[in-house]
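In what follows, a single structure is set out as structure tokens and then discussed.
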Amino acid sequence: RFSEIGQFQKIVGGLIEMVDELAKEAETEKMRAIGARNLLKSVAKQREAQQQQLQALIAEKKMQLERYRIEYEALSKVESEQNEFIDQFILQK
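37 is the number of the first residue of the sequence shown in the working numbering; add one for each residue after it.
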């Protein structure tokens, strides 16, 4: 009778150890999953910040391009006026 109780206690003890081990493994995997999720969130935030920076840079470059276009048109007009003046000056001689 005592040997049966002892054997039962041994089996139960083994099961408790196994359950404890599984609980530890589950906790480890849970922590690993939380870490991976946090890393993904961090990467997503970094990507979003980078996208905003690039959009700001694109807007800045568009404005710069527009300034250059206006400056080019103004310089082309000046060049045209100067060429016209030179042509008239040459014709007068």
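Ideal Cβ positions, reconstructed from N, Cα and C, are used throughout, including at glycine.
- The C-alpha of residue 64 is placed about 31 Å away from the C-alpha of residue 43.
- DSSP, read as helix, strand or coil, puts residue 103 in helix.
- Here DSSP, grouped into helix, strand and coil, assigns residue 129 to coil.
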